[in-house]
Structure formats: structure tokens, C-alpha cells
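Engineer:
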Amino acid sequence: MSTAMHIKSSETGVLRVFHIDLPREAIERFTTQAGTGEWPLQYALGAKSLRADFVEVINVKDLGDMPLSQYLINAHDVSGRDFDAVRSRLDALTGFVLVLPSQAFDRTEQDLTISAPLRWIGTFNEPTPSSTTAPIRTASAKGIGGGASAPAPKGSNASLWIVFGLLALIALGIIFAKFLLN
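For the sequence shown, numbering that gives the first Met the number 0 assigns the number 0 to the initial residue and increments by one for each residue that follows.
(1) For a quick check, are the C-beta atoms of alanine 46 and glutamine 109 less than 8 Å apart?
(2) Considering only residues of the stretch 6-88, which uninterrupted beta strand (DSSP E) runs meet the minimum length of 3 residues and lie entirely inside it, listed in chain order?
(3) Where do the N-terminal and C-terminal ends of the alpha helix (DSSP H) with isoleucine 174 fall, by residue?
(4) Sort out for me which residues DSSP pairs arginine 106 with in a bridge.
(5) Apart from the five residues just before and just after leucine 14, which ones in its own chain have a Cβ nearer than 8 Å to its Cβ?
(6) Could you check whether arginine 88 and phenylalanine 17 sit closer than 8 Å to each other, using their CB atoms as the reference points?
(7) Valine 162: buried (16+ other C-beta within 10 angstroms of its C-beta) or exposed?
(8) Near proline 66, which residues of its chain fall below 6 Å by C-beta distance, leaving aside the five closest residues on each side in sequence?
(9) State the start and end residues of the unbroken beta strand (DSSP E) segment that holds leucine 117.
(10) Taking the C-alpha atoms as reference points, what is the distance between glycine 172 and alanine 157?
(11) Please report the residue range of the beta strand (DSSP E) in which leucine 97 lies.
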């Protein structure tokens, strides 16, 4: 049986969790993109585009005493009713888990058809920061004009000539020292 999902190109802040039903020795081959471009994980997701940098594969044993749900809270800041409803199911998982944030889909609109050995566990929203900052009301924030910016002031070329002069003196000093040493 397969599960279908639609990914929008504008999607942000969504985290998908899957169980990978494979033995330990098959995980690396399944989750690593080969030099030839073959990638069994991408095929099992039915994804057109998948960014390896955002694919997170977790061996639940590596978490030690930490439950998977607590890891997801700490690492991805997930919360909410949907998450609370499946916490016990997440914590009961063994083996390997796939975690895919929105960035993994490379802002590409696509339809996924999830197939074995992947089993969808849940989709969760990461919290969005609230923008409750008050506007800046200082005089410098207001600016002084509403039109085009003022032209850049014309400086004198004297400082430029001084720098060139110093460079020329250093070059002459090096040449002179070379002749004295020979």
C-alpha cells in the first residue's frame, strides 16, 4: 500500500517523519545517493527533487534513553495537537527513522507516492516566529528626504597620490637594496 502527499513549492516549516523498514545492513545503500545518481530513497518517496543535505536518518538506538518525540522537540521544535496525538507511536518505533523538513524538497512542487520500505508516521508543523516587533521610531530611522540619494562627495586625489608615492618609494628601496647586496 502506498501513501500519496502533495508538496507545494512554497512550503516551509513542515516536518515529515517516516519509519524505514529495512535491516541495519541495508540502510546505507538505501539512503545514500550513488555516484551514478541512483537513489533508492528518492524512488521510495516518489520525489522529483530531493536534497541530500536535508535528509536525516536516525537510528533510534543512537538516541539512548531519549524518546524519539523528545529528539524531534529538541532538534526541530515540533509541537501541537497532531504531534501530541502520535508521540506514543513515535516513541514505540525501533530501527531507523527518516526525518524530512520542507527544505529537503528543494522548493519544488511535487506529488509523492510513498512506498515500501517507507511508512509514513506523521507530518508536523514547525512553529513560525511571531513578528511582534515594534517599529523603530527614531529620527535616524526616518531619514532626511524622500527623493533620490545625495550625490557622493568628491574627494581630493591627494591621498591617492600619497599612496602611489609611498608604493613607488618602497619599490625603489627594494631595487636599490638588491643592487647593493649583489
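Glycine included, C-beta positions come from ideal geometry on N, C-alpha and C.
Quantities reported herein were computed from a predicted structural model and do not represent experimental measurements.
Structural biologist: Concretely, from the data shown:
(1) For the pair alanine 46 and glutamine 109, the CB atoms are nearer than the 8 Å cut-off.
(2) The qualifying runs are 13-19, 55-58.
(3) Start and end: 157-180.
(4) As far as DSSP is concerned, arginine 106 takes part in no beta bridge.
(5) The beta carbon of leucine 14 lies closer than 8 Å to those of Leu71, His75, Val77, Val98, Leu99, Pro100, Ser101, Thr122, Phe123, Asn124, Glu125 in the same chain, with the five residues before and after it left out.
(6) It is not a contact, given that the beta carbons lie outside the stated cut-off.
(7) Valine 162 should be labelled exposed.
(8) Sequence-distant partners of proline 66 (beyond 5 residues in either direction) whose C-beta falls short of 6 Å from its own C-beta, in its chain, are Asp90.
(9) Run containing leucine 117: 117-124, per the beta strand (DSSP E) assignment.
(10) For glycine 172 and alanine 157, the distance between alpha carbons rounds to 22 Å.
(11) Leucine 97: member of the beta strand (DSSP E) spanning 95-100, first to last residue.
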